[in-house]
C-alpha cells in the first residue's frame, strides 16, 4: 500500500496503490485530511486500489465531509472495479463525484 | 343602440309600439346588462321621467341589488334590504307601486338617496316575476313631464313591460344554466378521458397482472396501475380516493402520476408509499385522502412485496385448496400526515403466491348491491372469485365486475379489481451435481492468526484461495473476501476492543453442498449481536458499514452458539451460484 501526493496546478492529487484496509486506512485518512488543510481542490486516484474495506471507505467519507464544510472541491478518479463494488454496495457511488480519469477530475468544477 | 325620435306628449301614446320595441330589446340581447340598460333608458324617456333602475333579489332573497340603472347618478351595485322601501314593498306584495310623493309614504326609507346623493320625489315600481319566482323590481323615479305626476296608465305600462322583462331574464338565466351545465359536462368528459388514459392498457393473456375499473359516475375516484420494470419485476397498485367527483378525480390523477414517477427509483412498496404520502401531504389541503395497496411482483420467483395503506385487505386465493388469505392494512391512508413512517418507509409484507392469485380491489366490489338487494360483502366477493377461478384473466375480471353491476342501474361506488397471477411455469432448482459428497464437503482451509490489522491481508489471501479452490468467479471471490475481511475487523474492533495482544482469530473455510461457508471464531468474551447493527444508509457515519457490506454480499450470516473454548462463532454462507452479486 502506498500513498502518493502530487500538486497539479493547485489541485492535490492523492494516488492510492494496493490494499486500503484496517491496517493502512489510518494513514490514508491522515494524508487526505492534511491535503485538505493545504489545498482547496482534492482528487483521489483510486485506479490502482486492489482492495478497499469499510474503514477505507470511511476515510473517503470523512474527507468528503470535511471538503464540503470547507467548500473545497473533492472528487474520485479512475475508481478500480474492486473499489467501485464497495462504493456501490454502500450507495456512495451516488454521493461522491466520480470521474473516469484524473484529467477529467482535474477539469471538474465544484 | 338605435335613437328614437321624441314622442308626442299627451294622450297619444303608442304603447303598442313601445311594447313591440322593448320586446325586441329583450330578445335580441344575450347580455343582461346591455338589455336592462337599453330598456331602462327607453322607458324613462317614454314615460318622461328623470331616472330608472332595476333591482334583482340576491340568492338568499335577503337583499335587492341594483344591477342596472339610467339617470344622473349611477347606483349600480347598491344593496338594500328586500323588505324595506318602496322597491321592497313591490317585491313583498308582488304588486306595482305608485308613489306620487315619497314624503307622504311612511315606507319610503331614502336608503338609495342616502348612498347616492340623489333626491327621490316620486316612484313607480313594478315587480319582476317569472311564474312563482320573484326576480326583482323595475322602478322609474321622478316624473318630470306633463303635470309631474305618475298616472295609473304609466303604472300599467310599466307592469306590462316588467312582465316581458322578467320573461327575458328568466330565459337568459336558463340559457346561462344550460351553457354552464354543458360546459361542466364537457369538462367531466375530458376528465373521464384523461382518467381512462391514465389506466394501463390491457396486457396479453400470459401477462401476470390484469385490472378493471368501472366508474360509478363519469369520473372515478378509483384507480389502478401496472408498471413493468426492465428487470422483469412489475409494480402494481389499486387505490381509492376519498370523496367523489372532480376533486377526487384530480387527487387520483396526482397519486397515480406520483406512483409512476417515484416507482422507478423506489426499492420496495413501503418506501414508495411513504414518498407518495409525504408528497401528497405537502399540497393536499382539502382533507381528502387515498387508500392504496402497492406491490412489486417478481414473476420469476412468484413472490410479491406488498404494502397496504388503509385499504380493503387484498385476498390471496389458493386455487388448489380453494382457500383465501387476507392481507390487512399495516399503514394509514396516504395524504393525512407526513413523516409518519420510519426511514425505511411503511411496513412491507413479502408474500409467496405459490401458484395462487392475488385479488386487490376497492370497496366498490364488497359494498356493491347484489341482485338480492343486499351488499355483496367479503363472503360474496370470495364466492364470486371461486366461481370464476377457471376463466381467463380478462373474462374473469369482466364476470366479477358484471356480477355486481345491475343492468340499467349505476354502481353505488366506483369498482376496481386487479389480479396478480403466479402463472409462470417455474423449473424446480436443479439438484446439486452428483459429486462425491465426502470429497466435496468439508474443511478446505483453517487459519489461526493474531487479531491484528496487519494480519488481515493474510486472511484475505486465504479467503481468495478458498474461493479459487471452489472455482468461483473474480466478482464472487471479491465479495467473499470483503465479507471475511469485514467480519475479522469486527472481531478485532468489537470482540477484542482493538487490543492487538488480546487474542487470536480462527477462520474455517468449509465447502457445503452448494455453498462456501466461513466460520469465524474468537476467544474473547461473547459479543451481544444486537450491539453490532447494520448501517442505516441514510446515515453516512462509517459505523456499521462493515455489517451492511457483509449482509449485502452473503446469502446468510449469523452468530451461532460457540463450541467450548470459543468466545464467539460467526458463520457466513455464500451460495456458489449466489443470487447476491
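Chains as they are written, first to last, in the working numbering: chain A, 1 to 110; chain B, 1001 to 1581.
The beta carbon of each residue, even a glycine, is placed where N, CA and C say it ideally should be.
Taking Cβ positions, are residue i and residue j nearer each other than 8 angstroms?
i, j, result
"residue 1414(B)", "residue 1221(B)", "yes"
"residue 1192(B)", "residue 1159(B)", "no"
"residue 1015(B)", "residue 1167(B)", "no"
"residue 1558(B)", "residue 1514(B)", "no"
"residue 1526(B)", "residue 1565(B)", "no"
"residue 1291(B)", "residue 1310(B)", "yes"
"residue 1348(B)", "residue 1208(B)", "no"
"residue 1462(B)", "residue 1447(B)", "yes"
"residue 1376(B)", "residue 1401(B)", "no"
"residue 1256(B)", "residue 1298(B)", "no"
"residue 1277(B)", "residue 1329(B)", "no"
"residue 42(A)", "residue 14(A)", "yes"
"residue 1241(B)", "residue 1251(B)", "yes"
"residue 1050(B)", "residue 1144(B)", "yes"
"residue 1491(B)", "residue 1469(B)", "no"
"residue 77(A)", "residue 102(A)", "yes"
"residue 1334(B)", "residue 1280(B)", "yes"
"residue 1161(B)", "residue 1022(B)", "yes"
How many angstroms separate the CA atom of residue i from the CA atom of residue j?
i, j, result
"residue 1381(B)", "residue 1366(B)", "6 angstroms"
"residue 3(A)", "residue 98(A)", "19 angstroms"
"residue 1325(B)", "residue 1306(B)", "14 angstroms"
"residue 1412(B)", "residue 1113(B)", "56 angstroms"
"residue 1522(B)", "residue 1511(B)", "21 angstroms"
"residue 1295(B)", "residue 1273(B)", "10 angstroms"
"residue 59(A)", "residue 20(A)", "10 angstroms"
"residue 35(A)", "residue 75(A)", "13 angstroms"
"residue 1387(B)", "residue 1262(B)", "37 angstroms"
"residue 1549(B)", "residue 54(A)", "8 angstroms"
"residue 1535(B)", "residue 1200(B)", "Caution is warranted here: a pLDDT of 43 is assigned to residue 1535(B), below 50, making its placement in the model unreliable, and no coordinate value can be reported."
"residue 1538(B)", "residue 1455(B)", "Interpretation of residue 1538(B) is limited by its pLDDT of 34, a score under 50 that renders its predicted location unreliable; no figure is taken from the coordinates."
"residue 1180(B)", "residue 1174(B)", "10 angstroms"
"residue 1148(B)", "residue 1054(B)", "22 angstroms"
"residue 1435(B)", "residue 1577(B)", "Model confidence at residue 1435(B) stands at a pLDDT of 36, short of 50, so the residue's coordinates are unreliable and nothing is read from them."
"residue 108(A)", "residue 92(A)", "19 angstroms"
"residue 1098(B)", "residue 1124(B)", "5 angstroms"
"residue 1331(B)", "residue 1198(B)", "25 angstroms"
"residue 1344(B)", "residue 8(A)", "43 angstroms"
"residue 1155(B)", "residue 1178(B)", "34 angstroms"
"residue 1150(B)", "residue 1048(B)", "10 angstroms"
"residue 1497(B)", "residue 1487(B)", "14 angstroms"
"residue 1211(B)", "residue 1322(B)", "22 angstroms"
"residue 1107(B)", "residue 1077(B)", "22 angstroms"
"residue 104(A)", "residue 38(A)", "22 angstroms"
Ordered along the chain, which non-local residues of its own chain (more than five positions away) have a Cβ less than 6 angstroms from that of residue i?
i, result
"residue 1018(B)", "1046"
"residue 1572(B)", "1483, 1518, 1554 and 1557"
"residue 17(A)", "2 and 48"
"residue 1032(B)", "1172"
"residue 25(A)", "55, 56 and 59"
"residue 1466(B)", "1444, 1445 and 1509"
Between residue i and the rest of its own chain, which residues show a CB-CB distance below 7 angstroms, the 5 nearest in sequence each way excluded?
i, result
"residue 1058(B)", "1065"
"residue 1560(B)", "1569 and 1571"
Restricting to Cα atoms, I'd like to know which of the options is closest to residue i.
i, options, result
"residue 1223(B)", "1364(B), 1142(B) and 1452(B)", "1364(B)"
"residue 1459(B)", "1549(B), 1053(B), 1509(B) and 1130(B)", "1509(B)"
"residue 52(A)", "35(A), 76(A), 86(A) and 75(A)", "86(A)"
"residue 1083(B)", "1100(B), 1067(B), 1501(B) and 1111(B)", "1111(B)"
"residue 1259(B)", "1235(B), 1247(B), 1171(B) and 1240(B)", "1235(B)"
"residue 1102(B)", "1141(B), 1079(B), 1475(B) and 1070(B)", "1141(B)"
"residue 1165(B)", "1179(B), 1180(B), 1183(B) and 1136(B)", "1136(B)"
"residue 96(A)", "84(A), 103(A) and 9(A)", "84(A)"
"residue 1214(B)", "1405(B), 1341(B), 1182(B) and 1563(B)", "1405(B)"
"residue 1563(B)", "1249(B), 1516(B), 1506(B) and 1552(B)", "1506(B)"
"residue 1582(B)", "1397(B), 1138(B), 1025(B) and 1153(B)", "In the structure as shown, chain B starts at 1001 and stops at 1581, and residue 1582(B) therefore has no counterpart that could be examined."
"residue 1230(B)", "1247(B), 1264(B) and 1216(B)", "1264(B)"
"residue 1457(B)", "12(A), 11(A) and 23(A)", "23(A)"
List the residues of chain D whose Cβ lies closer than 7 angstroms to the Cβ of residue i, in chain order.
i, result
"residue 1393(B)", "Given the protein chain composition of this structure (A and B), no chain D is represented."
In chain order, what residues of the same chain have a beta carbon less than 8 angstroms from the beta carbon of residue i, not counting five sequence neighbours either side?
i, result
"residue 1134(B)", "1057, 1061, 1091, 1094, 1127 and 1128"
"residue 1424(B)", "1208, 1299, 1300 and 1302"
"residue 1206(B)", "1423"
Exercise. Counting Cβ pairs, one atom from each stretch, are 3 or more of them under 8 angstroms apart for the region 1344 to 1360 of chain B and the region 1311 to 1322 of chain B?
Worked result: A contact exists between the region 1344 to 1360 of chain B and the region 1311 to 1322 of chain B.
For this session: Mind the definition here: the region 45 to 58 of chain A touches the region 1034 to 1051 of chain B only if three or more C-beta pairs lie below 8 angstroms; say whether that holds.
Result: Segments in contact, no.
For this session: Kindly confirm or deny that the region 17 to 30 of chain A and the region 56 to 64 of chain A touch, where touching means at least three C-beta pairs closer than 8 angstroms.
Result: Verdict: yes, contact present.
Exercise. Are the region 1070 to 1086 of chain B and the region 1117 to 1126 of chain B in contact at 8 angstroms, needing three or more beta carbon pairs?
Worked result: They touch, by the three-pair rule.
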